[in-house]
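Read through the structure below, which is laid out as structure tokens, and then see the notes.
There are 2 protein chains.
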Amino acid sequence: MSGKVYCCGLEAALDVIGGKWKVMILWVLHPKPARFGELRRAIPGISEKMLIQSLKEMEADGIVVRHDFKEIPPRVEYVATPFGVSLSEALKPLCDWGQQHMERIESRPGCSKRTTAQGDRADGGKAAEEPAEEPADGAA
Amino acid sequence: MSGKVYCCGLEAALDVIGGKWKVMILWVLHPKPARFGELRRAIPGISEKMLIQSLKEMEADGIVVRHDFKEIPPRVEYVATPFGVSLSEALKPLCDWGQQHMERIESRPGCSKRTTAQGDRADGGKAAEEPAEEPADGAA
DNA sequence: TTTGGCACTTACTAAAAGGTAGGTACTTGT
DNA sequence: ACAAGTACCTACCTTTTAGTAAGTGCCAAA
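Chains as they are written, first to last, in the working numbering: chain A, 473 to 612; chain B, 473 to 612.
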């Protein structure tokens with residue numbers, strides 16, 4: 473398989489950092505490597521399952537590499553590859569855009585949760601997660 | 473509700489253009505307005521349901537506006553707002569990145585389809601859609 | 001000896017996203 | 001009269017994505 477042809481590059485990119493957690497992971501990772509547990513703690517709501525699943529896909533996509541120190545207790549570091557760094561750079565303007573318009577985006581009804589379009593049943597509504605700042609060095 | 477706090481702007485942005493079709497829709501729309509049927513034809517695999525659902529969410533998010541000519545037969549045009557245009561501009565570098573690395577992304581195994589990570593059953597595998605170029609004027 | 005941390009794995013389940021197929025109201029073309 | 005085109009709406013169902021909770025092997029501290 474693997475014969476998809478994308479329409480505008482954007483689709484290709486979204487295919488790589490799509491999903492709920494990958495951008496956050498890359499965001500934490502791209503300035504400096506981080507260990508599994510470090511990432512888990514750095515990204516509030518993430519489950520271990522999603523974390524390693526995302527990490528594995530990101531590794532398969534070549535945006536991070538796994539560095540196993542083969543120590544005991546286990547010690548593994550994930551590092552952004554140059555490819556991953558280039559992606560994070562391409563992501564920057566979008567990130568800025570999001571930041572700039574964050575209030576507007578945050579305050580729209582059903583933010584991050586609206587299937588309120590057509591028939592399909594729609595319900596639920598919850599939010600509020602711990603915030604977090606951009607990953608600045610100083611937490612290791 | 474609507475009390476989500478994003479971590480890095482990127483999340484906010486992804487919340488607005490996330491999903492399978494929105495970027496394509498914005499991409500078709502941002503250079504010039506398009507009618508519903510025009511969009512449907514411009515975006516190969518999209519269903520009417522997803523098209524109008526996406527359009528509505530995009531309208532609610534203020535990135536497009538619906539212009540109803542109140543004619544019969546119905547005639548409706550969707551136009552990108554300045555907000556939408558700014559988004560499409562922020563999207564540009566990511567689009568370029570995707571375009572630049574498209575082959576690499578396209579040729580990775582399970583492209584656009586790999587749940588091949590952990591336990592969770594994984595199967596299926598299909599691809600190949602009609603390609604398409606960036607929306608160039610000349611189809612109205 | 002029990003607890004806890006490390007980096008995971010696995011199975012099961014819930015929710016979200018997307019797809020299919022039908023219908024609406026109205027008019028024009030055949 | 002009937003098919004087709006406009007722009008949708010609606011119900012139902014499948015696929016994909018994410019979450020929960022438990023387990024693995026190993027070692028150190030309590």
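Using N, Cα and C, we set each Cβ at its ideal position, and we do this for glycine too.
- Checking the DSSP bridge columns, you'll see Tyr550(A) partnered with Ala506(A), Arg538(A).
- For Val488(A), at least one C-beta of chain B is nearer than 8 Å to its own C-beta.
- If you draw a 10 Å sphere on the C-beta of Lys494(A), you find 16 or more other C-beta atoms in it, and that means buried.
- Lys564(A) sits in a helix when the DSSP states are folded into three classes.
- Sequence-distant partners of Arg512(A) (beyond 5 residues in either direction) whose C-beta falls short of 8 Å from its own C-beta, in its chain, are Ile518, Glu520, Leu523.
- DSSP places Arg576(A) in the uninterrupted alpha helix (DSSP H) bounded by 574-578.
- Per DSSP, reduced to three states, the secondary structure at Ser558(B) is helical.
- Sixteen is the threshold: when 16 or more other Cβ atoms of the shown chains lie within 10 Å of the Cβ of His573(A), as they do, the residue is buried.
- Shown here, Ile524(A) sits in a helix according to DSSP, grouped into three states.
- Inter-residue distance for Ile535(B) and Pro545(A) is about 50 Å (C-alpha atoms, whole angstroms).
- By the Cβ-count criterion, Ser579(B) is exposed, with fewer than 16 other Cβ atoms from all chains shown falling within 10 Å of its own Cβ.
- In the displayed model, Asp533(B) falls within coil according to three-state DSSP, outside both helix and strand.
- Residues Asp533 of the same chain have their beta carbon placed closer than 6 Å to that of Val488(B), with the five preceding and five following residues left out of the count.
- In the three-state DSSP reduction, Trp569(A) falls in the helix class (H, G or I).
- Secondary structure of Ile515(A) (DSSP, three-state): coil.
- Contact between Arg507(A) and Glu543(A) does not hold, since their C-beta atoms are separated by about 11 Å, which reaches or exceeds 8 Å.
- Rounded to whole angstroms, the separation of the alpha carbons of Leu527(B) and Pro565(B) is 23 Å.
- Collapsing the DSSP output to three states places Glu483(B) in a helix.
- In the displayed model, Trp499(B) falls within a helix according to three-state DSSP.
- Only residues of its own chain outside the window of five on either side were considered, and among them Tyr478 have a CB closer than 8 Å to the CB of Ala484(A), listed in chain order.
- Of the candidates Pro503(A), Met496(A), Pro505(A), Glu529(A), Met496(A) places its Cα closest to the Cα of Ile515(A).
- The alpha-carbon separation between Gly556(A) and His502(B) amounts to approximately 28 Å.
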